[in-house]
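Asker: The structure follows.
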Amino acid sequence: MNIDAGTMRPTEHGEVYVLNDGGEVDLDLGNYERYLNVTLSRDNNITTGKIYSQVIEKERKGEYLGKTVQVIVPHITNAIQDWIERVSKIPVDESGEEPDVCMVELGGTVGDIESAPFVEAMRQFQFRVGHDNFALIHVSLVPDMHGEQKTKPTQTTVHSLRGLGLLPDLIACRLLVPQPLNTATKDKISMFCHVASEQVFGVHDVTSVYHVPLLLQSQGIVEFLRKRLNLEKVNITKEMEDKGKSLGKRWKDITTGYERLFDTVTIALVGKYTDLKDSYMSVTKALEHSAFRVHRKLIIHWVESSDLEVETQESAPARYHDAWRAVVGAGGILVPGGFGNRGTEGMMLAIKYAREQKVPFLGICLGFQLAVIEWARNILEIHDATSSEFVPDAKHPVVIFMPEISKTHMGGTMRLGLRPTVFEPGTENWSRARKLYGGAGKIWERHRHRYEVNPEYVKRLNDSGLIFAGKDEKGERMQIIELPDHPFFIGLQAHPEFCTRPLNPSPPFLGLIAAASETSVLDEQIAFQAQSYRPPHPEHAMVGEAVLKNSTEEVFVNGVGQNGVDVVQVVNRDEA
């Protein structure tokens, strides 16, 4: 029933992925953006909460003309179908054209009570759009019991699905072993699930997830869908065809060549949510994409930040020493985003180590803020410097709550979405961050935060050597820090990991990986970026810091607004 993923705990559901328009969504949409190189919006994410809110709002407006609103059919199912049909026509790439195919992922398991409205909606939807415009791919686990592949779970789920009125056109059999789906298993699934043998695909474990598209292509999935959906009639220009072939070749070269690499690069990821690796899904992918570029195999040392703190040395010395061994043994240190006070002292100890020992460092969001606090404590000797997030009545709040942000409503009230950062004059001569973005004077990255560097301390910090190389368009918010005399020490208030692509890695992460490899590698990548860097965003998205729905500009008080969210008025920073 959540409206979006913004208030979900990362250790239970994985990371909250942020879109250009400020939508906070499930990490799965991040996978689609990265793999397909598309730009999605909050409307591409459908939740039960959104659908019910929309239906209730329509009922309150009298749009159902006094009819009794039903729990599932037809009002809920119609709302789902209308939503899919509307969003499927929205352009998602730089061409600006309406997509030829819309992919819908229906999560959960067949028979789940919470997915019943969506299953029924899809049953009806196939008749709304017609047989030739609807294809269903059913993903099913095929357990491997000591070499014997079991088909009964797949038979059962397909039987249940057919009972609900949905007939699979393709069955993707997921095997959690490196052995592919054998012919006997494929024929058995074909016979008992009422599909042709060529409609059964095997997806076994491979050495890298980036091999999966090639695995599916080798089994003929592209040709099958082209015929099933009559895509042969779609007019594809010669330019688009050549672009697709070039992309396919580059993908194959990069992903297959990765297997033959011998050199490694090691990064210590010092975070608060390391118990669930999916909490840092985009961060991990950004590191992987960057490692592809510099031809290194990536090794990540997962470090729970609280294990670095002095208290752990006393309570669990083995964990303490293992954590520090991981940090000291890494070629680079990354401190990602997070919320709350827990583990922040350990993060600052790792930042201090990176700064003093000249170890390449990248701080993201909270990591950026903690780098500022660490500098204030140890260089400016403001020993009680902290964030108002940790100590609300702090004497020296170097990081403060942004004045226009709601303190009572947590959902969708942060500074969210794609926003510009303007590099300061003169940074083109020395800033590695700017050079990694191809020397651009203005860059665009996605944000998700409630706190900012306190303007009262900016001059002291800057004068002491912690340079604020990038700010917002008004020059009020500090968004990039850098140490000019350090091999690589960069912090960003933004979340650049959300915009990484396999063939176009995020510049800050590319810099960290390159610096952690060798200094010469960093120089090579800076030179390469100067010639080849292209922003991953469509041009129409980079037009100025526009007001984003449910973002930082909204003040939440009593009243009812769009989609049932309590909103009264929009204010700007000065008014707040």
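Residue numbers 25 to 600, in our numbering, belong to the letters of the sequence shown in order. Where is the CB? At the ideal position from N, CA and C, for every residue including glycine. Values in this document were obtained by computation on a predicted structure and should not be read as measured data.
Take TYR461 and list the residues in its own chain whose beta-carbon comes closer than 8 Å to its own, dropping the five residues that flank it on each side.
Answerer: On the sequence shown, residue 461 is found 437 positions in, with the first residue counted as 1. Once the five neighbours on either side are set aside, the close Cβ partners of TYR461 are ILE467, PRO531, GLN553 and TYR557.
Asker: GLU57 to HIS407, Cα distance in whole Å?
Answerer: On the sequence shown, residue 57 is found 33 positions in, with the first residue counted as 1. On the sequence shown, residue 407 is found 383 positions in, with the first residue counted as 1. Whole-angstrom Cα-Cα distance: 43 Å.
Asker: Hey, how far is the Cα of ARG284 from the Cα of THR231?
Answerer: Here residue 284 is taken as the residue at index 260 of the sequence shown, counted from 1. Here residue 231 is taken as the residue at index 207 of the sequence shown, counted from 1. ARG284 and THR231: Cα-Cα distance of roughly 12 Å.
Asker: Across which residues does DSSP place LEU293 in a beta bridge pair?
Answerer: Sequence index remark: in the sequence shown, residue 293 carries index 269 (1-based). DSSP lists TRP326 and LEU358 as partners of LEU293.
Asker: Between TYR377, ILE108 and PHE286, which has its C-alpha nearest PHE142's C-alpha?
Answerer: Position 118 of the sequence shown holds residue 142. Comparing Cα-Cα distances from PHE142 to each of TYR377, ILE108 and PHE286, the minimum goes to ILE108.
Asker: Straight-line CA distance for VAL95 to ASN26?
Answerer: Against the sequence shown, residue 95 aligns to sequence position 71. Against the sequence shown, residue 26 aligns to sequence position 2. Their backbone Cα atoms lie some 17 Å apart in a straight line.
Asker: Where in the segment 181 to 247 do unbroken runs of the beta strand (DSSP E), each at least 3 residues long, occur, reported from the N-terminal end onward?
Answerer: Fully enclosed beta strand (DSSP E) runs of 3 or longer: 194 to 198 and 224 to 227.
Asker: Tell me which same chain residues have a C-beta within less than 6 Å of the C-beta of ASN601, skipping the five on either side of it?
Answerer: Any question about residue 601 goes unanswered here, given that the chain covers just 25 to 600.
Asker: Measuring straight from C-alpha to C-alpha, what distance separates HIS519 and GLY187?
Answerer: The residue you call residue 519 lines up with position 495 of the sequence shown. The residue you call residue 187 lines up with position 163 of the sequence shown. Each residue's Cα considered, the two are about 44 Å apart.
Asker: Quick test of your reading: SER329 and THR336, contact by CB under 8 Å. State the CB separation rounded to the nearest angstrom.
Answerer: Along the sequence shown, one-based indexing puts residue 329 at 305. Along the sequence shown, one-based indexing puts residue 336 at 312. So it is not a contact: roughly 10 Å between Cβ atoms.
Asker: Excluding five sequence neighbours on each side, which residues of the same chain lie with their C-beta closer than 6 Å to the C-beta of ILE602?
Answerer: In this structure the chain extends from 25 to 600, so residue 602 is not present and cannot be described.
Asker: Output needed for GLY367: all residues of its chain with C-beta closer than 6 Å, excluding positions within five of it in sequence on either side, in chain order.
Answerer: In the sequence shown, counting from the first residue as 1, residue 367 sits at position 343. Within the same chain, GLY367 has close Cβ partners LYS296, SER329 and SER330.
Asker: Using a 10 Å radius around the Cβ and a threshold of 16 neighbouring Cβ atoms, would you call ASP496 buried or exposed?
Answerer: Position 472 of the sequence shown, counting from 1, holds the residue named residue 496. Result: buried.
Asker: Relative to the C-alpha of SER306, which candidate in THR31, GLU36, VAL42 and ILE245 has its C-alpha closest?
Answerer: By 1-based counting over the sequence shown, the position of residue 306 is 282. Among THR31, GLU36, VAL42 and ILE245, the Cα nearest to that of SER306 is on VAL42.
Asker: With distances taken from CA atoms, which of HIS99, ILE104, GLU172 and LEU64 is nearest GLY120?
Answerer: Walking along the sequence shown from the start, residue 120 turns up at place 96. Checking every option, the nearest Cα to that of GLY120 belongs to LEU64.
Asker: Among all the DSSP beta bridges, which residues are the ones paired with ALA409?
Answerer: The residue given as residue 409 occupies position 385 in the sequence shown. Looking at the DSSP assignment, ALA409 forms a beta bridge with HIS420.
Asker: From what residue to what residue does the alpha helix (DSSP H) around LYS466 run?
Answerer: Within the sequence shown, the letter at position 442 stands for residue 466. Not the alpha helix (DSSP H): LYS466 falls in the beta strand (DSSP E), residues 466 to 473.
Asker: Just to confirm, is the Cβ distance from PHE392 to GLN517 under 8 Å?
Answerer: Looking up residue 392 in the sequence shown gives position 368. Looking up residue 517 in the sequence shown gives position 493. Against a cut-off of 8 Å, the Cβ pair of GLN517 and PHE392 comes out as a contact.
Asker: Tell me the DSSP secondary structure of PRO560 in three-state form.
Answerer: In the sequence shown, residue 560 corresponds to position 536, counting from 1. The answer is coil: DSSP assigns PRO560 none of H, G, I, E or B.
Asker: Cutting at 7 Å between CB atoms, please list the residues of its own chain near PRO202, excluding the five before and the five after it.
Answerer: Numbered from 1 along the sequence shown, position 178 holds the residue referred to as residue 202. Hits under 7 Å: HIS228 and ASP229.
Asker: May I ask you to report which of helix, strand or coil DSSP gives ASN596?
Answerer: On the sequence shown, residue 596 is found 572 positions in, with the first residue counted as 1. Confidence at ASN596 is low in this model, with a pLDDT of 47, below 50, so the placement of that residue should be treated as unreliable; the coordinate-derived value is given next. Looking at ASN596 - three-state DSSP - the assignment turns out to be coil, as it is neither helix nor strand.
Asker: Please classify CYS493: does DSSP put it in a helix, a strand, or coil?
Answerer: The residue labelled residue 493 in the question sits at position 469 within the sequence shown. In the sequence as presented, Cys is not what sits at residue 493; that position holds Ala. Strand.
Asker: Which class does GLY450 belong to by DSSP, given the choice of helix, strand or coil?
Answerer: Locating residue 450 in the sequence shown gives position 426, where the first residue counts as 1. Reduced to three states, the DSSP call for GLY450 is coil.
Asker: Alpha carbon to alpha carbon, how far is VAL128 from ARG84? Give it in angstroms, no decimals.
Answerer: Within the sequence shown, residue 84 is the residue found at index 60, counting from 1. Within the sequence shown, residue 128 is the residue found at index 104, counting from 1. Roughly 29 Å separates the two Cα atoms.
Asker: Can you tell me which of the three DSSP states GLY441 falls into?
Answerer: Numbered from its first residue, the sequence shown carries residue 441 at position 417. Here GLY441 sits in strand by DSSP.
Asker: With a threshold of 16 other CB atoms inside 10 Å of the CB of HIS218, please say whether the residue is buried or exposed.
Answerer: The residue you call residue 218 lines up with position 194 of the sequence shown. Burial call: exposed.
Asker: Which residues does DSSP pair with ASP287 in a beta bridge?
Answerer: As a position in the sequence shown, residue 287 is number 263, starting the count at 1. Answer is none; ASP287 lacks a bridge partner.
Asker: Helix or strand or just coil, what does DSSP make of VAL344?
Answerer: Numbered from 1 along the sequence shown, position 320 holds the residue referred to as residue 344. Per the sequence shown, residue 344 should be read as Tyr rather than Val. DSSP places TYR344 in helix when its eight states are reduced to three.
Asker: Just how far apart, CA to CA, sit ASP509 and ILE75?
Answerer: In the sequence shown, counting from the first residue as 1, residue 509 sits at position 485. In the sequence shown, counting from the first residue as 1, residue 75 sits at position 51. Using only the alpha carbons, I get a separation of about 53 Å.
Asker: Since PHE533 and LEU311 should fall inside the 8 Å C-beta cutoff, what is the C-beta to C-beta distance between them, to a whole number of angstroms?
Answerer: Counting from one through the sequence shown, the residue named residue 533 turns up at place 509. Counting from one through the sequence shown, the residue named residue 311 turns up at place 287. Going by Cβ atoms, the distance from PHE533 to LEU311 rounds to 6 Å, so yes, they are a contact pair.
Asker: Alpha carbon to alpha carbon, what distance is there between ALA565 and ARG470?
Answerer: Sequence index remark: in the sequence shown, residue 470 carries index 446 (1-based). Sequence index remark: in the sequence shown, residue 565 carries index 541 (1-based). Cα to Cα, the separation comes out at about 11 Å.
Asker: Please classify GLU83: does DSSP put it in a helix, a strand, or coil?
Answerer: Translated into the one-based positions of the sequence shown, residue 83 becomes position 59. If DSSP states are grouped into helix, strand and coil, GLU83 belongs with the helices.
Asker: Assuming TYR377 and VAL351 form a contact by the criterion Cβ under 8 Å, report the distance between their Cβ atoms to the nearest whole angstrom.
Answerer: Taking the sequence shown and counting its residues from 1, one reaches residue 377 at position 353. Taking the sequence shown and counting its residues from 1, one reaches residue 351 at position 327. Going by Cβ atoms, the distance from TYR377 to VAL351 rounds to 6 Å, so yes, they are a contact pair.
Asker: Please report the Cβ distance between GLU39 and VAL97, rounded to the nearest whole angstrom; I am assuming they are in contact, meaning their Cβ atoms lie under 8 Å.
Answerer: Residue mapping note: residue 39 aligns to position 15 of the sequence shown, counting from 1. Residue mapping note: residue 97 aligns to position 73 of the sequence shown, counting from 1. So it is not a contact: roughly 35 Å between Cβ atoms.
Asker: Closest to PHE414 by C-alpha separation, out of ASN206, GLY355, LEU386 and ARG474, would be which residue?
Answerer: Residue numbering aside, residue 414 sits at position 390 when the sequence shown is read from its first letter. Cα-wise, what sits closest to PHE414 is ARG474.
Asker: Which one or two residues does DSSP pair with SER164 in a beta bridge?
Answerer: Counting from 1 along the sequence shown, the entry for residue 164 is found at position 140. Paired residues: CYS197.
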